[in-house]
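For reference, the structure discussed in these notes is given below.
In structure tokens form, the structure reads like this:
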């Protein structure tokens, strides 16, 4: 049993500062839970001359990561600096030096998690990463521990706060995408380069992590069908509302006997669905299990406090393992071989918005194209377009075979009467 656990911090930005503050503010509680003191003794920073007001005991600052990874006195390294390739090398070196790792880096875990875990198992060290998905929501621990006895069939959720903020403001205020994106950047909800968020890559990385854990299958980022919200039209948000739906960027991971299907895409949700009321920068994840049924985890998806809380919770778990001598046993290799569902095995409902010539028989012509692929419709709305020669159609299908739907859409686009197909989104929930 150790009296003190020494922690090295890679990164002293917003989250890193939050980690130090939580360890200081909750010092006695953490000592009671772990049986020892937990102290950050060194931190990696970019600028040694920058003034910092940190609570508690003095933290030695360094601009060289080797000062931390090679320090024999440091037991645990907390990585909150971000990055992928360089960070991978740093952490692999730290693991080889028998350091336990806590990371908030979803990009790294999603793309190189297997390599990191293999190194951790080989060196009998811990690797925890709760903060990498959905910030303050303990979704990873819930899946790995709380639902470990169940057979998880599906996980779906809002796992990116930036895009949820943008869609919320577009829905509530009728604002254009570009205007809301700029507002989100001014408020700090969106990065200066928002590509990973608005194009769905951030959410795809998180769904990759959840699918590996939930389905015990070595899925990859490339397995995720990806479509972001860049250029989302206020027209689609208004039409979805008229049809009884809201639009959210939804990550979905499904598993059945045919395999798994992973996607991140704008989706129409019935207004009665609990995820429809998750607004602004908040996250929520729905989990469907054979035994538990439906459960939902909700909370702030990012920010100093929520993310630092998840990091320190992982740190406490590592410290407990150190005290018990059980490090290096938290990872279980995936049980099943990677098996992806084909388009022919995947069924979803679809929303389509298109412009057609305003002439008799158009609707019959369109429905005939879909009927040839055995696709039927749940709702159809038509109304005049900007041009008096055109009409705008909004259609929601019943559950359709993805392969047949793509073939029908190809045939639809070739019709002379179809001027444009403006939007195609998934529809989740509701009657199939």
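Residue numbers (the numbering used here): 8 to 439.
By construction, the Cβ of each residue, glycine as well, lies at the ideal position given by its N, Cα and C atoms.
inquiry  = Three or more C-beta pairs under 8 Å: does that hold for the stretch 405-422 against the stretch 356-366?
reply    = Below 8 Å, enough C-beta pairs join the stretch 405-422 and the stretch 356-366 to call them touching: three or more.
inquiry  = Using CA atoms only, rank isn't needed, just tell me which of 396, 371 and 393 is closest to residue 384.
reply    = Closest option to residue 384, Cα to Cα, is 371.
query = Do the stretch 102-111 and the stretch 130-138 touch if we need at least three Cβ pairs shorter than 8 Å?
reply = The way I'd put it, the stretch 102-111 does touch the stretch 130-138; three or more beta-carbon pairs between them come closer than 8 Å.
inquiry  = If contacts are defined as beta-carbon pairs under 8 Å, then residue 201 and residue 239 qualify, I think. What distance do you get, rounded to the angstrom?
reply    = Between residue 239 and residue 201 the Cβ distance is about 13 Å, and since that is not below 8 Å, they are no contact.
request  = Out of 367, 303, 334 and 411, point me to the one whose CA is closest to residue 127's CA.
outcome  = Nearest option by C-alpha distance: 334.
query = Which one of 397, 415 and 237 has the shortest CA to CA distance from residue 426?
reply = The residue with the shortest Cα to Cα distance from residue 426 is 397.
ask   = From which residue to which residue does the alpha helix (DSSP H) around residue 112 run?
value = First-last for residue 112: undefined, no H or E at that position.
Residue 122 to residue 98 span [Cα, whole Å] = The alpha-carbon atoms of residue 122 and residue 98 are separated by roughly 11 Å.
query = Which residue's Cα is closest to the Cα of residue 346: 81, 261 and 291?
reply = A check of alpha carbon separations from residue 346 across 81, 261 and 291 identifies 261 as the nearest.
inquiry  = I'd like the span of the alpha helix (DSSP H) that includes residue 373, first residue to last.
reply    = Note, residue 373: alpha helix (DSSP H), 369-378.
request  = Kindly confirm or deny that the stretch 12-23 and the stretch 40-60 touch, where touching means at least three C-beta pairs closer than 8 Å.
outcome  = Three or more beta-carbon pairs drawn from the stretch 12-23 and the stretch 40-60 are found closer than 8 Å, and the two stretches are therefore classed as touching.
message = Does residue 439 pass the burial test, meaning 16 or more other C-beta atoms within 10 Å, or should it be called exposed?
response = Here residue 439 scores only 48 on pLDDT, less than 50, and its place in the model is too uncertain to base an answer on.
query = According to the neighbour-count rule (16 or more other Cβ atoms, all chains shown, within 10 Å of its Cβ), is residue 8 buried or exposed?
reply = The residue is exposed, with fewer than 16 neighbouring Cβ atoms inside 10 Å.
query = Under the three-state reduction of DSSP, which class applies to residue 427: helix, strand or coil?
reply = Here residue 427 sits in strand by DSSP.
ask   = How big is the Cα-Cα spacing for residue 185 and residue 203?
value = Cα to Cα, the separation comes out at about 16 Å.
request  = Throw me the rounded Cβ distance for the residue 302 and residue 269 pair, which I believe falls under 8 Å.
outcome  = Contact doesn't hold; Cβ gap of about 20 Å is too wide.
inquiry  = Taking 8 Å as the threshold (C-beta atoms), are residue 313 and residue 143 in contact?
reply    = In this structure, residue 313 lies closer than 8 Å to residue 143 by Cβ.
ask   = Does the pairing of the stretch 161-168 with the stretch 292-308 give three or more beta-carbon distances under 8 Å?
value = Three or more Cβ pairs closer than 8 Å define a contact, and the stretch 161-168 meets that threshold against the stretch 292-308.
request  = Since I believe residue 430 is in contact with residue 360 (beta carbons under 8 Å), could you give me their beta-carbon distance rounded to a whole number of angstroms?
outcome  = Taking C-beta atoms under 8 Å as the contact rule, residue 360 and residue 430 qualify, at a distance of about 4 Å.
ask   = Bridge partners of residue 391, per DSSP?
value = Under DSSP, residue 391 takes part in a beta bridge, and its partners are 398.
Coarse secondary structure for residue 408, derived from DSSP in three states = Strand, per DSSP.
query = Exposed or buried, what is residue 176 when buried is set at 16 or more other beta-carbons lying within 10 Å of its beta-carbon?
reply = The residue in question, residue 176, is buried, as its Cβ has 16 or more Cβ neighbours within 10 Å.
request  = Express the C-alpha separation of residue 432 and residue 77 in angstroms, rounding to a whole number.
outcome  = When rounded, the distance between both Cα atoms is 50 Å.
ask   = Measuring CA to CA, which of 428, 420 and 409 is closest to residue 434?
value = Out of 428, 420 and 409, 409 has the C-alpha closest to the C-alpha of residue 434.
ask   = Are residue 147 and residue 136 touching if we call contact CB-CB under 8 Å?
value = Yes, they are a contact pair.
request  = Give the range of the alpha helix (DSSP H) segment to which residue 440 is assigned.
outcome  = Outside the modelled stretch of the chain, which goes from 8 to 439, sits residue 440, for which no answer is possible.
query = Rounded C-beta distance between residue 66 and residue 27? I'm assuming under 8 Å.
reply = Between residue 66 and residue 27 a beta carbon distance of about 7 Å is seen, short of the 8 Å cut, so the two are scored as contacting.
query = First and last residue of the beta strand (DSSP E) that includes residue 261?
reply = For residue 261, the enclosing beta strand (DSSP E) starts and ends at 252-263.
ask   = Does DSSP put residue 39 in a helix, a strand or coil?
value = In the structure shown, residue 39 adopts helical secondary structure according to DSSP, grouped into three states.
ask   = Three-state secondary structure (DSSP) at residue 72?
value = Looking at residue 72 - three-state DSSP - the assignment turns out to be coil, as it is neither helix nor strand.
request  = Compare the Cα-Cα distances from residue 231 to each of 222, 45 and 259 and report the closest residue.
outcome  = Checking every option, the nearest Cα to that of residue 231 belongs to 259.
query = Helix, strand or coil for residue 364 per DSSP?
reply = In the structure shown, residue 364 sits in a strand (DSSP, three-state: E or B).
key: residue 412 versus 37, 278, 393 and 379, residue with shortest Cα-Cα distance   = Of the residues 37, 278, 393 and 379, the one whose Cα lies closest to the Cα of residue 412 is 379.
ask   = Are there 16 or more other CB atoms within 10 angstroms of the CB of residue 362, so buried, or fewer, so exposed?
value = The residue is buried, with at least 16 neighbouring Cβ atoms inside 10 Å.
query = What's the gap between the Cα of residue 85 and the Cα of residue 110?
reply = When rounded, the distance between both Cα atoms is 6 Å.
query = Skipping 5 residues on each side, what residues in its chain have a beta carbon closer than 8 Å to that of residue 299?
reply = Counting only Cβ-Cβ distances below 8 Å, and skipping sequence neighbours, we find 154 and 157.
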